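Q:
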Amino acid sequence: MAAAGVVAKCCTGRRFMDMESMRCSFSSSSPTAIAKQSLSFSNQKYQELSSLSMNGCGGDPRAPLGTIETRTFPVAPTPESAADRLNSAIFELKDNPPPVDSGIIRLQVPIQQHIEALDWLSSQTQNLLPRCYFSGRDSNFVPLVDYPNGNGNGNGNGHASSHHQRDKLISVAGLGSAVFFRDLNPFSLDDWRSIRRFLSKRCPLIRAYGAIRFDGRADIALSGRVSVLFISWFLRTYEEAISELEATMWKISSDVRRPNDNAHRAVVLHQAHVPDQPSWHSSIEQALDLIRRKNSPLVKVVLARSSRIATVEIDPLEWLACLQAEGDKAYQFCLQPFDSPAFIGNTPERLFYRNWLKVSSEALAATRARGATDSLDLQIGNDLLSSTLVEPYKALRKLPRVQHLYSQLTGTLRKEDDEFKILSCLHPTPAVCGYPMEEARTLISEIETFDRGMYAGPVGWFGGAESEFAVGIRSALVGKGVGALLYAGTGIVEGSDPALEWKELELKTSQVSA
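Take any residue in the sequence shown, note its place counting from 1, add 52, and you have its number in the numbering used here.
1) Starting from residue 527 and walking both ways along the beta strand (DSSP E), at which residues does that stretch end?
2) What's the call for residue 349, buried or exposed, on a 16-neighbour Cβ count within 10 Å?
3) Between the Cα of residue 404 and the Cα atoms of 389, 383, 391, which residue gives the shortest distance?
4) Three or more beta-carbon pairs under 8 Å between the stretch 331 to 346 and the stretch 180 to 189, yes or no?
5) Buried or exposed: which applies to residue 526, given that a residue is buried once 16 or more other Cβ atoms fall within 10 Å of its Cβ?
6) When the Cα of residue 482 is compared with those of 553, 511, 503, 401, which residue comes out closest?
7) Report the partner residues of residue 513 according to the DSSP bridge assignment.
8) Does DSSP classify residue 181 as helix, strand or coil?
9) Rounded to whole angstroms, what's the CA-CA distance from residue 326 to residue 468? Just pull it up for me.
10) Report all residues from its chain with a CB closer than 6 Å to the CB of residue 491; omit the five preceding and five following residues, and keep chain order.
11) Do you know offhand how far residue 128's Cα is from residue 368's?
12) Measure the CB-CB distance between residue 544 and residue 486 and report whether it falls below 9 Å.
13) Rounded to the nearest angstrom, what separates residue 397 and residue 162 at their Cα positions?
14) Go to residue 143, then tell me how far its alpha helix (DSSP H) extends in each direction, as first and last residue.
15) Please specify which runs of the beta strand (DSSP E), each continuous and at least 3 residues long, are wholly inside the stretch 350 to 426, giving them in chain order.
16) Tell me whether the stretch 147 to 158 and the stretch 296 to 303 touch, counting them as touching only if at least three CB pairs, one residue from each stretch, are closer than 8 Å.
17) Among the residues of its own chain, which have a CB less than 7 Å from the CB of residue 139, if the five just before and after it don't count?
18) Please report the Cβ distance between residue 182 and residue 227, rounded to the nearest whole angstrom; I am assuming they are in contact, meaning their Cβ atoms lie under 8 Å.
19) Would a C-beta distance cut-off of 9 Å place residue 546 and residue 258 closer than the cut-off?
20) In or out: residue 477 buried (at least 16 other Cβ within 10 Å) or exposed?
21) Here's the rule I'm using: 16 or more other beta-carbon atoms within 10 Å means buried, otherwise exposed. How should residue 558 be labelled?
22) Starting from residue 544, follow the beta strand (DSSP E) in both directions and report where the run begins and ends.
23) Candidates 556, 117, 522, 516: which alpha carbon is nearest residue 266's?
24) Nearest by alpha-carbon distance to residue 260: which of 152, 387, 329 is it?
25) Which partner residues of residue 122 appear in the DSSP bridge assignment?
26) What does the alpha-carbon distance come out to for the pair residue 415 and residue 489?
27) Expressed to the nearest angstrom, what Euclidean distance is found between the alpha-carbon atoms of residue 125 and residue 229?
28) Apply the 10 Å Cβ neighbour rule to residue 542 and answer buried if 16 or more other Cβ atoms are within range, or exposed otherwise.
29) To the nearest angstrom, how far is it from the Cα of residue 354 to the Cα of residue 141?
30) Using CA atoms only, rank isn't needed, just tell me which of 293, 540, 551, 519 is closest to residue 256.
31) How many Å lie between residue 413 and residue 144 at the Cα?
32) Which first and last residues belong to the alpha helix (DSSP H) in which residue 173 is found?
33) Among all the DSSP beta bridges, which residues are the ones paired with residue 326?
34) Leaving out five residues before and five after residue 116 in sequence, what residues of the same chain have Cβ atoms less than 8 Å from its Cβ?
35) Roughly how many whole angstroms lie between the Cα atoms of residue 393 and residue 254?
36) Among 134, 339, 475, 531, which residue has its Cα nearest to the Cα of residue 241?
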């Protein structure tokens with residue numbers, strides 16, 4: 053399942069998805085974000101070839117847009133003044149529409165006041181618009197962008213820097229979407245091309261944020277400081293796109309406040325696992341029987357557990373703020389459709405990162421707790437390095453409570469369409485599915501009695517110059533006042549002990565729940 057969209061207003065970016073009803077979801081530059089807005093429109097109709105539903109912005113995935121541009125305005129001292137400048141820009145667009153039938157425009161206002169993207173998103177009224185948050189793990193998340201110097205006329209186009217000078221865009225939060233894509237079928241090449249046509253190397257911060265289900269074929273169960281708007285028009289008229297953008301601006305608050313620091317103290321009233329421990333032992337034995345079977349190709353299968361936690365109160369963004377203790381060694385994300393639960397996560401694992409045609413991927417293997425002392429921590433790390441063979445490069449990735457074996461691979465794509473092939477080939481990885489993939493995925497569908505949903509699926513963004521996706525592990529589906537579903541999985545191979553694997557599940561869920 054996949055969904056996608058272009059963020060309408062963001063505090064530096066945005067995207068969201070429907071956890072229950074979509075196989076894939078992408079939101080291209082949401083209509084509201086701290087200092088970013090986008091508009092998409094079209095007065096022209098095209099034959100529908102893509103399977104994605106795009107909130108009035110569908111069409112031939114091969115048909116180019118009339119314009120893709122970024123307009124940068126003078127620096128504003130506060131979010132309030134940035135909102136005023138964006139509203140003025142919208143008024144100007146109403147009087148002077150672009151001379152094209154379709155397009156997407158990013159309006160951005162840098163803000164002097166230091167604002168955390170997650171704080172801005174937490175300050176917005178709950179569930180009035182879909183919400184999205186994505187925080188990069190390290191400097192590779194930062195786009196290659198050079199803001200135009202500009203003379204204040206707002207007509208400059210953002211473009212990739214010829215000197216590869218990076219703008220420090222790390223965290224992205226947003227509300228709404230200029231274009232929203234969603235699909236009930238597995239993500240396809242035409243779907244990817246439908247999203248891709250809204251992106252441009254000259255406007256690298258116009259992005260499609262989204263996620264894809266772990267298994268699209270399975271049945272579906274019930275800190276950058278920039279203010280931005282996105283305007284897109286395709287099958288809807290330019291006037292309709294402007295009206296929708298104005299309505300979005302009325303729902304945005306410029307009053308930014310910090311989340312509640314006591315969010316992690318929520319009282320757990322009840323906790324139930326699916327499967328429970330006896331059923332887990334049975335599932336492991338069933339998997340081991342198949343692995344041991346003569347002539348069986350199955351070497352490894354990753355089985356998962358869903359844990360339902362009932363609490364007095366959980367706010368997904370406050371919970372996510374607590375998870376940021378992982379710092380720059382993990383991705384944080386939140387995807388929440390209107391009036392729906394939020395999918396949040398704190399994942400250490402990158403699926404792939406693309407910079408132009410250069411691409412890199414990585415793998416995390418094995419999970420061990422951090423040592424109570426430096427010497428014990430070193431001993432545990434050395435045990436990891438000597439117990440598993442990883443080529444061509446092997447290192448440790450240490451997180452606050454656990455450490456993993458880590459390896460990285462790099463390469464060069466031959467053409468842009470290969471990005472879709474990379475995504476399709478890498479997901480699901482052996483770390484979240486098993487090996488061989490098809491045999492492992494078939495066994496998972498037979499053994500597991502719950503829907504993984506977006507857990508262990510790709511989570512990230514497509515851009516014109518860059519793209520980045522993480523693996524949606526260390527994640528939870530959270531509803532404020534309802535509770536949470538926590539997900540964790542562990543790899544089963546010859547010799548696996550069900551009791552030890554259960555303990556590993558407990559260790560992994562502690563990364564989200566502790």
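Ideal placement from N, C-alpha and C gives every residue a C-beta, glycine not left out. Note that this is a predicted model, so its numbers are computed, not measured.
A: According to the data block:
1) Walking along the sequence shown from the start, residue 527 turns up at place 475. Element bounds for residue 527: 527 to 531.
2) Stepping through the sequence shown from its first residue, residue 349 is reached at position 297. By the neighbour-count rule (16 or more Cβ atoms within 10 Å), residue 349 is not buried but exposed.
3) Here residue 404 refers to the residue found at position 352 when the sequence shown is read from its first residue. Of the listed residues, the one whose Cα sits closest to residue 404 is 383.
4) Output reads no: the stretch 180 to 189 does not touch the stretch 331 to 346.
5) As a first step, residue 526 is located in the sequence shown; it is residue number 474 there, counting from the start. Classification of residue 526: buried, given that the 10 Å Cβ count is 16 or more.
6) Along the sequence shown, read from residue 1 onward, the residue named residue 482 stands at position 430. Checking every option, the nearest Cα to that of residue 482 belongs to 401.
7) Translated into positions along the sequence shown, residue 513 becomes position 461. According to DSSP, which records beta bridges pairwise, residue 513 is partnered with 261, 520.
8) Against the sequence shown, residue 181 aligns to sequence position 129. The three-state secondary structure of residue 181, taken from DSSP, is coil.
9) Counted from its first residue, the sequence shown places residue 326 at position 274. Counted from its first residue, the sequence shown places residue 468 at position 416. When only Cα atoms are considered, residue 326 and residue 468 end up about 41 Å apart.
10) Within the sequence shown, residue 491 is the residue found at index 439, counting from 1. Listed in chain order, the non-local C-beta contacts of residue 491 below 6 Å within the same chain comprise 349, 350, local neighbours out to five positions each way being set aside.
11) Mapped onto the sequence shown, residue 128 falls at position 76. Mapped onto the sequence shown, residue 368 falls at position 316. Whole-angstrom Cα-Cα distance: 30 Å.
12) Stepping through the sequence shown from its first residue, residue 544 is reached at position 492. Stepping through the sequence shown from its first residue, residue 486 is reached at position 434. For residue 544 and residue 486, yes; Cβs fall inside 9 Å.
13) As a working mapping, residue 397 is identified with position 345 in the sequence shown. As a working mapping, residue 162 is identified with position 110 in the sequence shown. For residue 397 and residue 162, the gap between their C-alpha atoms comes out near 28 Å.
14) The count along the sequence shown starts at 1 and reaches residue 143 at position 91. Element bounds for residue 143: 131 to 147.
15) Counting only runs of 3 or more, we get 352 to 363, 383 to 388, 394 to 399, 402 to 407, 410 to 421.
16) Taking 8 Å as the limit for Cβ pairs, the verdict is that the stretch 296 to 303 does not touch the stretch 147 to 158.
17) On the sequence shown, residue 139 is found 87 positions in, with the first residue counted as 1. Excluding residues within five positions, the ones whose Cβ falls inside 7 Å are 301.
18) The residue you call residue 182 lines up with position 130 of the sequence shown. The residue you call residue 227 lines up with position 175 of the sequence shown. Sure, about 7 Å apart at Cβ, within 8 Å.
19) Numbered from 1 along the sequence shown, position 494 holds the residue referred to as residue 546. Numbered from 1 along the sequence shown, position 206 holds the residue referred to as residue 258. Taking 9 Å as the Cβ cut-off, residue 546 and residue 258 do not qualify as a contacting pair.
20) Translated into positions along the sequence shown, residue 477 becomes position 425. By the neighbour-count criterion, in which 16 or more other beta carbons inside 10 Å mark a residue as buried, residue 477 falls on the exposed side.
21) Here residue 558 is taken as the residue at index 506 of the sequence shown, counted from 1. An exposed status is given to residue 558, since fewer than 16 other beta-carbon atoms sit within 10 Å of its beta-carbon.
22) Here residue 544 is taken as the residue at index 492 of the sequence shown, counted from 1. Residues 535 to 544.
23) For the purposes of this step, residue 266 is taken as residue 214 along the sequence shown, with counting starting at 1. When each option's Cα is compared against that of residue 266, the closest is 522.
24) For this step, residue 260 is matched to residue 208 along the sequence shown. Closest by alpha carbon: 387.
25) Within the sequence shown, residue 122 is the residue found at index 70, counting from 1. Listed as beta-bridge partners of residue 122 by DSSP are 158.
26) On the sequence shown, position 363 is the one that residue 415 refers to. On the sequence shown, position 437 is the one that residue 489 refers to. C-alpha separation (whole angstroms): 15 Å.
27) Locating residue 125 in the sequence shown gives position 73, where the first residue counts as 1. Locating residue 229 in the sequence shown gives position 177, where the first residue counts as 1. Going by the C-alpha atoms only, they are around 21 Å apart.
28) Numbered from its first residue, the sequence shown carries residue 542 at position 490. Its Cβ being crowded by 16 or more others within 10 Å, residue 542 is buried.
29) Stepping through the sequence shown from its first residue, residue 354 is reached at position 302. Stepping through the sequence shown from its first residue, residue 141 is reached at position 89. Distance between the alpha carbons of residue 354 and residue 141: 51 Å.
30) Here residue 256 refers to the residue found at position 204 when the sequence shown is read from its first residue. Looking at the Cα atoms, 519 is the closest of the given residues.
31) The residue labelled residue 413 in the question sits at position 361 within the sequence shown. The residue labelled residue 144 in the question sits at position 92 within the sequence shown. Approximately 44 Å, taken between the alpha carbons.
32) Taking the sequence shown and counting its residues from 1, one reaches residue 173 at position 121. Its alpha helix (DSSP H) spans residues 169 to 174.
33) Indexing the sequence shown from 1 puts residue 326 at position 274. According to DSSP, residue 326 bridges with 358.
34) Numbered from its first residue, the sequence shown carries residue 116 at position 64. The residues 249, in chain order, have a CB closer than 8 Å to that of residue 116 in the same chain once the five nearest residues on each side in sequence are set aside.
35) Within the sequence shown, residue 393 is the residue found at index 341, counting from 1. Within the sequence shown, residue 254 is the residue found at index 202, counting from 1. Looking at the two C-alpha atoms, the distance is approximately 35 Å.
36) Position 189 of the sequence shown, counting from 1, holds the residue named residue 241. Of 134, 339, 475, 531, the residue nearest in Cα terms is 475.
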